[in-house]
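*Asks:* Mind having a look at this structure? Questions to follow.
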Amino acid sequence: MRALTHRSYAYENGGLPTNERLEFLGDSVLGLVVTDTLYRTHPDLPEGQLAKLRAAVVNSRALAEVGRGLDLGAFIRLGRGEEGTGGRDKASILADTLEAVIGAVYLDQGLDAASELVHRLFDPLIEKSSNLGAGLDWKTSLQELTAIEGLGVPEYLVTETGPDHEKTFTAAARVGGVSYGTGTGRSKKEAEQQAAESAWRAIKAAADERAKAATEAEQAVAQAAEDDDTSSATA
1 MRALTHRSYA
11 YENGGLPTNE
21 RLEFLGDSVL
31 GLVVTDTLYR
41 THPDLPEGQL
51 AKLRAAVVNS
61 RALAEVGRGL
71 DLGAFIRLGR
81 GEEGTGGRDK
91 ASILADTLEA
101 VIGAVYLDQG
111 LDAASELVHR
121 LFDPLIEKSS
131 NLGAGLDWKT
141 SLQELTAIEG
151 LGVPEYLVTE
161 TGPDHEKTFT
171 AAARVGGVSY
181 GTGTGRSKKE
191 AEQQAAESAW
201 RAIKAAADER
211 AKAATEAEQA
221 VAQAAEDDDT
231 SSATA
């Protein structure tokens, strides 16, 4: 249970042990397994790019999404104050708790078991990490992509609804006055990240289509020239 015990619960219940030491341990185990996997699967990438790919996987937002997928929030022991402010869905709490669980598995069952857990939970993220242009976060990646495409600097329009203790934020990612994606979240940052991801995927898909069309056009021209040469040679 210690891995699921947030400090707010511990403080309200006589100073019980918290999950913070396990979180510290789990963070190191997660980093080791992800780094080892990236190192082995990308033998030609330089250190700097490997670090960016790791940052795309080992970050609070990514860990929180994995935690939500496990419904981890339902099992965390929270204090009344944290419970009342939506703590079960806070990215930082979910991320920290997931790391604590990984640390607990490592202590109880060893590195092989912890590594197996990390692979089961994070391999999908590791596989798609190279899709992040900058490898850090979607806002950075979107800004890098729009610069490459000559579209300008992204802007984010954010609105909020709901009471103070349970706000929902909605963000729209706009580039050159055009909205390319929207996102929602419990925080402004989370909403902007989701909007940036949606916009990045839309712009990248359009860019890929243009590149594909250009390649096909070049191939058609080359084929036509080759056919003309063949016709001239046989005439």
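Just so we're aligned, residue 1 is where the sequence shown starts under full-length UniProt numbering, counting upward by one.
Where a beta carbon is used, it is the ideal one built from N, C-alpha and C, also for glycine.
Going by DSSP in three states, residue 135 sits in which element: helix, strand or coil?
*Replies:* Position 135 of the sequence shown, counted from the start, is the residue given in the question as residue 135. Per-residue confidence for residue 135 stands at a pLDDT of 46, beneath the threshold of 50, marking its modelled position as unreliable; no derived number is given.
*Asks:* Looking at residue 28 and residue 82, is the spacing between their C-beta atoms short of 8 Å?
*Replies:* For the purposes of this step, residue 82 is identified with residue 82 of the sequence shown, where counting begins at 1. For the purposes of this step, residue 28 is identified with residue 28 of the sequence shown, where counting begins at 1. No; because the gap between Cβ atoms is not below 8 Å, this pair is not in contact.
*Asks:* Between 222, 47, 24 and 195, which has its C-alpha nearest residue 178's C-alpha?
*Replies:* By one-based count along the sequence shown, residue 178 stands at place 178. Nearest of 222, 47, 24 and 195 to residue 178, Cα basis: 195.
*Asks:* Is the separation between the beta-carbon of residue 113 and that of residue 63 shorter than 8 Å?
*Replies:* What you label residue 113 is simply residue 113 of the sequence shown in a count that begins at 1. What you label residue 63 is simply residue 63 of the sequence shown in a count that begins at 1. No.
*Asks:* Is it buried or exposed, residue 181, if we count other Cβ atoms within 10 angstroms and call 16 or more buried?
*Replies:* Along the sequence shown, read from residue 1 onward, the residue named residue 181 stands at position 181. By the neighbour-count rule (16 or more Cβ atoms within 10 Å), residue 181 is buried.
*Asks:* Could you name each continuous alpha helix (DSSP H) segment of 4 residues or more that falls completely within the region 12-46, going from the start of the chain to the end?
*Replies:* Taking only runs of at least 4 residues, the alpha helix (DSSP H) segments lying wholly in the region 12-46 are 20-41.
*Asks:* Could you check whether residue 142 and residue 91 sit closer than 8 Å to each other, using their CB atoms as the reference points?
*Replies:* Taking the sequence shown and counting its residues from 1, one reaches residue 91 at position 91. Taking the sequence shown and counting its residues from 1, one reaches residue 142 at position 142. Contact: no.
*Asks:* Going by the CB atoms, is the gap between residue 157 and residue 203 shorter than 8 Å?
*Replies:* Position 203 of the sequence shown, counting from 1, holds the residue named residue 203. Position 157 of the sequence shown, counting from 1, holds the residue named residue 157. No, they are not a contact pair.
*Asks:* Quick check on the burial criterion: 16 or more other C-beta atoms within 10 angstroms. Buried or exposed for residue 205?
*Replies:* In the sequence shown, counting from the first residue as 1, residue 205 sits at position 205. Burial call: exposed.
*Asks:* Do residue 54 and residue 38 have their C-beta atoms closer together than 8 Å?
*Replies:* Here residue 54 is taken as the residue at index 54 of the sequence shown, counted from 1. Here residue 38 is taken as the residue at index 38 of the sequence shown, counted from 1. Result yes, Cβ atoms of residue 54 and residue 38 sit closer than 8 Å.
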